[in-house]
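In this note's numbering, the protein residues as written are 689 to 805.
Using N, Cα and C, we set each Cβ at its ideal position, and we do this for glycine too.
1. If you draw a straight line from the alpha carbon of residue 713 to that of residue 730, how long is it in whole angstroms?
2. So if DSSP puts residue 749 in a beta bridge, which residue, or which two residues, is it bridged to?
3. Where residue 752 and residue 761 are concerned, what is the direct C-alpha to C-alpha distance, given to the nearest angstrom?
4. Would you report the Cα separation of residue 705 and residue 716, rounded to the nearest angstrom?
5. In angstroms, rounded to a whole number, what distance separates the CA positions of residue 703 and residue 710?
6. Assign residue 782 to one of three DSSP states: helix, strand, or coil.
7. Return yes when the C-beta of residue 799 is under 7 Å from any heavy atom of the ligand FAD, and no when it is not.
Have a look at this one:
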């Protein structure tokens, strides 16, 4: 069989298979377990849903922002926040005194010497 006839036969088979699927396919009904059904009912799939589930206001979006792509992108308006204010974290840093640092480095050098033997 020539390559051209084989290619044509394969294309006919694909068309027949595609038509068969389109006309005869019936999706199977999926039986969920009680656990799966509970997870499906309680699933949170977006940040907005999470906030609504916690009883908080949704995210405040900047309505003046327009993107030029096909993907839905929203800009969050941080200047006019809704709901709770962002928590402020205070970090305290304490440095070693010079004498303690020198003693620590001396102990490390001694350890290195002991391990090298």
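To lay it out plainly:
1. Translated into positions along the chain shown, residue 713 becomes position 25. Translated into positions along the chain shown, residue 730 becomes position 42. Going from the Cα of residue 713 to the Cα of residue 730 covers about 31 Å.
2. Stepping through the chain shown from its first residue, residue 749 is reached at position 61. Its beta-bridge partners are 764.
3. Indexing the chain shown from 1 puts residue 752 at position 64. Indexing the chain shown from 1 puts residue 761 at position 73. Rounded to the nearest whole angstrom, the CA to CA distance from residue 752 to residue 761 is 12 Å.
4. Along the chain shown, read from residue 1 onward, the residue named residue 705 stands at position 17. Along the chain shown, read from residue 1 onward, the residue named residue 716 stands at position 28. Cα atoms of residue 705 and residue 716: separation of roughly 19 Å, rounded to the nearest angstrom.
5. Your numbering for residue 703 matches position 15 in the chain shown. Your numbering for residue 710 matches position 22 in the chain shown. C-alpha separation (whole angstroms): 11 Å.
6. Position 94 of the chain shown holds residue 782. The answer is coil: DSSP assigns residue 782 none of H, G, I, E or B.
7. Absence of the ligand FAD from the depicted structure is noted, as is the absence of any ligand whatsoever, leaving it without description.
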